[in-house]
Amino acid sequence: MVATAFSSLVPMETEESQIAHGLRRRDPDLLDALIEQYQHRLLRYLLHLAGNRAVAEDLFQETWLRVLEKGHQYDGRNRFVTWLMSIGHNVAIDYLRKKNPRSLDELADPEDGAPFEPPATGPSPFDLALAQQQHEMFDAALGQVPAIFREVLVLRFQEQMKLEEIAQLIHIPLATVKTRIYRGVMALRPALKGAAQ
Amino acid sequence: MTNHEHEHAIELITCRGVEDIAAPDTAWLDLHLATCTECSDYAALTDSTGRLLRSVAITASPALVMMTQARLRARSLEMRERESRMFLIGVSFCLGVLSSTASAWLWWKFGSWVAQMLGLPESIVGPGVLLFWLLPAIAIAMLLMFVPQTVFNHPLMLALAREREGEIR
């Protein structure tokens, strides 16, 4: 729905070049539309990175403020979502470094905040309970996975990003992305086996 | 099977679903997965990871979105105001430089004319204009040096200083 609303703003040029043009002008209507279009994806990514909803919401706002300030740097050659996530990544890293320079993972407290919400619809109470249990197990397991692996897993499997985009976003070599995905999946193995049973 | 084959299979498993994989590669992967337990296990794990991650519903609250939009609009306004202030400062600076240059040129011409009228050598114009320009500052400096300190400690001066300090605060 929001994507449709945004599309009505960009009838002629490609979406990316229109966004780049609008960001250079700091067009408030465009920014409103972008926030609405990418709200869930950005928050989801930041939440997985920070492991805490309140922190993720702060980072969400900070990311958009940085988009406003650095909007002129976006040239429209890459997908906007990759650039946006890259800004989000930098904001999160800055925050986490300031908060705890030793480890980015120590912030991820499973008791703090509510990182995951159950799906809004469910076929039956039993299925819902089972799904909930699986999610809890998976959530707990994901929380144990180091942030550097968790981040690539989210970008690859949840955001469906290409490996090259992930490499570009996190500023790491392509081979490192592949290794991190492999190691992340293997780290989740016990929980995934448990969820399958 | 070689390590290279396993690595290739893992790479294809990681890419599939999002990136384009050539038909021969897909066929090779299917064949490999049918015979390699380790790689088929990894394929199942990636499928489960993707399924579970995608089934998680995380949504931003409308309040968060509205607050972010409001903050962005306020910040945007602030940035525009700052930019227009900087623009005005820039224009003022440029005008100041232009007027200083023009007045210096005029004073130089005037100095030359005075020197010519009085029959003085041309070399005196430069130092003369410079001295004339610096004269007010030199006069104030001399005044401050020679005025006795007691003048500054006069109750009237102290009252003026206090009043000025209060204005600044």
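If you read the sequences in order, they're chains X and L.
Adding 1003 to a residue's 1-based position in the first sequence gives its number in my numbering.
Adding 18 to a residue's 1-based position in the second sequence gives its number in my numbering.
Where a beta carbon is used, it is the ideal one built from N, C-alpha and C, also for glycine.
The structure presented is a predicted model; accordingly, all values stated were derived computationally and were not measured.
Contact set between residue i and chain L, taken where Cβ atoms lie within less than 7 Å
i                       : result
residue 1032 of chain X : Within chain L, no residue comes near residue 1032 of chain X; the closest Cβ sits about 10 Å away, beyond 7 Å.
residue 1067 of chain X : 86, 90
residue 1181 of chain X : 29, 32
residue 1195 of chain X : 63, 66, 67
residue 1141 of chain X : 70
residue 1184 of chain X : 32
residue 1035 of chain X : 87
Segment limits, alpha helix (DSSP H) that includes residue i
i                       : result
residue 116 of chain L  : 80 to 136
residue 164 of chain L  : 143 to 164
residue 20 of chain L   : Note, residue 20 of chain L: premise wrong, no alpha helix (DSSP H); not H, not E.
residue 1168 of chain X : 1166 to 1173
residue 43 of chain L   : 41 to 53
residue 167 of chain L  : 167 to 170
residue 1154 of chain X : 1150 to 1156
Assumed close pair residue i, residue j - CB separation to whole angstroms, cut-off 8 Å
i                       : j                       : result
residue 29 of chain L   : residue 1181 of chain X : 6 Å
residue 1155 of chain X : residue 1048 of chain X : With 8 Å as the limit, residue 1155 of chain X and residue 1048 of chain X do not qualify as a contact, their Cβ atoms being about 11 Å apart.
residue 1027 of chain X : residue 1074 of chain X : 6 Å
residue 1166 of chain X : residue 25 of chain L   : Not confirmed; about 14 Å, so no contact.
residue 1062 of chain X : residue 1036 of chain X : So it is not a contact: roughly 21 Å between Cβ atoms.
residue 1191 of chain X : residue 1085 of chain X : In fact, because the Cβ distance is near 24 Å, the residues do not count as touching under 8 Å.
residue 67 of chain L   : residue 1195 of chain X : 7 Å
residue 1160 of chain X : residue 34 of chain L   : That belief does not hold up - the Cβ atoms of residue 1160 of chain X and residue 34 of chain L are roughly 12 Å apart, past 8 Å.
residue 87 of chain L   : residue 1090 of chain X : In fact, because the Cβ distance is near 17 Å, the residues do not count as touching under 8 Å.
residue 97 of chain L   : residue 1029 of chain X : 7 Å
residue 1068 of chain X : residue 93 of chain L   : 6 Å
residue 61 of chain L   : residue 31 of chain L   : 5 Å
residue 143 of chain L  : residue 126 of chain L  : 7 Å
residue 1146 of chain X : residue 1054 of chain X : 6 Å
residue 90 of chain L   : residue 1071 of chain X : 6 Å
residue 175 of chain L  : residue 169 of chain L  : 7 Å
Proximal chain X residues relative to residue i, where beta-carbon distance stays under 7 Å
i                      : result
residue 68 of chain L  : 1160
residue 93 of chain L  : 1068, 1071
residue 64 of chain L  : 1188
residue 115 of chain L : Within 7 Å Cβ-Cβ: nothing; residue 115 of chain L doesn't reach chain X, min ~28 Å.
Neighbouring residues, chain L, relative to residue i (Cβ below 9 Å)
i                       : result
residue 1102 of chain X : Under the 9 Å cutoff, chain L gives no residues; its nearest Cβ is about 21 Å from residue 1102 of chain X.
residue 1157 of chain X : 71
Contacts that residue i makes with chain L (C-beta to C-beta distance below 8 Å)
i                       : result
residue 1050 of chain X : 76
residue 1038 of chain X : 83, 86, 87, 90
residue 1097 of chain X : Here the premise fails: no neighbours, minimum Cβ distance about 18 Å.
residue 1192 of chain X : 63
Amino acids of chain X, ordered along the chain, whose beta-carbon sits closer than 8 Å to that of residue i
i                     : result
residue 97 of chain L : 1029, 1071, 1072
residue 72 of chain L : 1160, 1161
residue 37 of chain L : 1165, 1166
Partners in chain X for residue i, counting only beta-carbon separations shorter than 9 Å
i                     : result
residue 82 of chain L : 1042, 1046, 1060, 1063, 1064
- Item | 3-residue-minimum beta strand (DSSP E) runs that sit fully inside the segment 1019 to 1089 of chain X, ordered along the chain | none
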